[in-house]
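S.K.: Position 181, counted from 1, in the sequence shown is what our numbering calls 172; the numbers after and before it change by one each time, with no gaps.
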Amino acid sequence: MNWDKKGTAVQRQNETNSEARIMNASARSLRDHLSLVICLLAFFYGMTYGMLALRNAQATLATADFATGFIFAGFALWILKRPGMPLQRYGLIFTAMAFFYFLFLSEASRTSGYIWSILIPTASMLYLGAKVGAITSVTYLALLLGAYAWPAYYPSSAQIPVALFGRFVGAYIMSGAIAFVYERSRLRAEAVIRKEVQEKDRLFARLSEIQSAAENSNDIIVVKDLDLKVKATNAAFARITGHQAPEAMIGKTDAEIFGVSPDTEPIQTYMDDERRAQTLKRGEFILREEAVPAVDGSVRYVLTKKYPIFNHQDELIGTGNISTDITERKRSEEKLLAMNERLKATTVRANTMAAEARSANMAKSEFMASMSHEIRTPLNGVVGITELLLNTPLSENQRHYIELIHSSGSTLRTLINDILDFASIEERKFQFDAIDFDLRHLMTELAITMQRKTKAKGLELATVIALGTPTALHGDPA
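This is the structure we're talking about:
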């Protein structure tokens, strides 16, 4: 089975011949059945007159009948073995002509003679052609003229005795039986042939469907014999190997197709897998991913199914290969794998940076804790001293300056606490302090803290609390 244009043309010619044979067989069907009817009528008609002849025949005439029948039967069998032409019917036709000629000479059987003188030439024309039919008709005319002329020349012999034409009865019955059996066997044989032709046509139609599917498939389809030589393939394999047509690869191994040594990879692996496939049972297969070197120098990746092929007698006759091109899928998988590797590297870098950030935050927290301790200790001392000084006798100016120092120190201590609170917020350790405080006093402290900066810039800072605003609050004044 080769999937090529030449094979398709041969297949179509076979289909045309099959159709012609079926049409010819159908056209012959009517003639064949007509022949059976003629043979049956002739057989029983001859039997009837044969019985009449045997009643009046003597031993000598019976011997002559047997000898005549044997001669005509042998003549019919000899013609039956002639190939190429339906000459076996001559035995029936010429024997019947002789029989009915003598039957016609009998005065009591002229009507039957007229009837059969029409049927016999008609049968000759149907089966042996117009030429033979014309010869038979002319012969009958000559016999008829002779029959009418016989009494004129031989008045005493006008009536032919029945025993005389009885000599031809045996030959007629024998040849009629031979023709009948042959026609029946031939009809049965043609029925068998017609059935076989129809089955072949069905198989050809199925083969045409498979061939069309294989030719138009993007998958590579290869059938190999037991020696791993290509028996049939499709255009997809020809394209990937750079051949003009699939026929160019018929009878070659993979090593010969790719022009390398059989022990070269991946050719050796291909052939080893196919040898293993020959050891499998029906329905089993091997599935492999293979890298096929293309004619353009690139590599095509295919998913190949290798399986054994058995004939109708369950004998191993080769291996089959069906390969699906998965190059694009393979490349997509490689791209996805590369992206995963890059993602892993990015994740590692992110984790490293997060660890560094946590380390920096920890260092910052340690610094803030150390700074708050180093600053708040002397600052608390300053605030404490100012509080002690405020409890001593001071002039008005001295008290004002000391109160300013006390207020600024307290504000600075609050600012340091705010910085520590911000660090606590970043570390999610911040807690609010709920205490009672006076809003007016808090605003005054803020104004005193900002007063020096505002005066330096020529600005005036004023705090105003609207009437009715509650000043006694509970919360975190920081």
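Idealized CB from N, CA, C, for every residue including glycine.
Return the chain-ordered list of same chain residues with a C-beta closer than 6 Å to the C-beta of K296, the five sequence neighbours on each side being excluded.
M.R.: If we look at K296 and ignore the five residues flanking it on each side, its Cβ neighbours are F276, L278, I313.
S.K.: Give the range of the alpha helix (DSSP H) segment to which F249 is assigned.
M.R.: 245 to 249 is the span of the alpha helix (DSSP H), which, as asked, contains F249.
S.K.: Closer than 6 Å to a non-hydrogen atom of the ligand ZN - does that hold for the CB of E187?
M.R.: This structure simply doesn't include the ligand ZN, nor any ligand for that matter.
S.K.: Please list, in chain order, all residues of the same chain as A438 whose beta carbon is under 7 Å from its beta carbon, the five residues on each side excluded.
M.R.: Cβ neighbours of A438 beyond the five flanking positions: L452, T454.
S.K.: For K222 and A329, what's the separation of their Cα atoms in angstroms?
M.R.: One C-alpha to the other measures close to 42 Å.
S.K.: Using the C-alpha atoms, what's the distance from T260 back to A196?
M.R.: Cα to Cα, the separation comes out at about 37 Å.
S.K.: Should T337 go down as buried or exposed, given a rule of 16 or more other Cβ atoms within 10 Å for buried?
M.R.: By the neighbour-count rule (16 or more Cβ atoms within 10 Å), T337 is not buried but exposed.
S.K.: Compute the beta-carbon to beta-carbon distance between G470 and K220, rounded to the nearest angstrom, for a pair I have assumed lies under 8 Å.
M.R.: The question about residue 470 has no answer, for the chain in this structure spans -8 to 469.
S.K.: Would you report the Cα separation of M353 and I366, rounded to the nearest angstrom?
M.R.: Cα to Cα, the separation comes out at about 20 Å.
S.K.: Measure the C-alpha to C-alpha separation of F95 and I184 and round it to an integer number of angstroms.
M.R.: Bear in mind that the predicted position of F95 carries a pLDDT of just 48, short of 50, making it too unreliable to give a figure here.
S.K.: Excluding five sequence neighbours on each side, which residues of the same chain lie with their C-beta closer than 8 Å to the C-beta of I393?
M.R.: T377, L380, L381, L385.
S.K.: Three-state secondary structure (DSSP) at H465?
M.R.: Strand, per DSSP.
S.K.: Are the Cβ atoms of A285 and I231 separated by less than 7 Å?
M.R.: Taking 7 Å as the Cβ cut-off, A285 and I231 qualify as a contacting pair.
S.K.: Using the C-alpha atoms, what's the distance from P237 back to E306?
M.R.: About 26 Å.
S.K.: Among G274, T402, T405, A463, which one has its Cα closest to the Cα of R431?
M.R.: It is A463.
S.K.: So, are the CB atoms of T310 and K215 less than 7 Å apart?
M.R.: Yes, the pair counts as a contact, with Cβ atoms nearer than the cut-off.
S.K.: Applying the criterion that 16 or more other CB atoms from any shown protein chain within 10 Å of the CB defines a buried residue, is H397 buried or exposed?
M.R.: Classification for H397: buried.
S.K.: How long is the line joining the alpha carbons of N371 and S401, rounded to whole angstroms?
M.R.: If you take the alpha carbons of N371 and S401, they lie about 8 Å apart.
S.K.: Cα separation between M441 and H465?
M.R.: Each residue's alpha carbon lies about 24 Å from the other.
S.K.: Could you tell me which residues DSSP puts in a beta bridge with D427?
M.R.: Answer is H465.
S.K.: What residue range does the alpha helix (DSSP H) around F265 cover?
M.R.: Here residue 265 turns out to be Glu, not Phe, going by the sequence shown. From DSSP, the alpha helix (DSSP H) with E265 extends over 258 to 268.
S.K.: Specify, as a first and last residue, the run of the alpha helix (DSSP H) that A226 falls within.
M.R.: Here the alpha helix (DSSP H) through A226 covers 226 to 232.
S.K.: Using a C-beta cutoff of 7 Å, does F228 count as contacting chain C?
M.R.: In the structure shown, chain C cannot be found, because there is only a single protein chain.
S.K.: Counting only the same chain and skipping the five closest in sequence on each side, list residues whose C-beta sits under 7 Å from that of M434.
M.R.: So the list reads T454, I456, once near-sequence residues are dropped.
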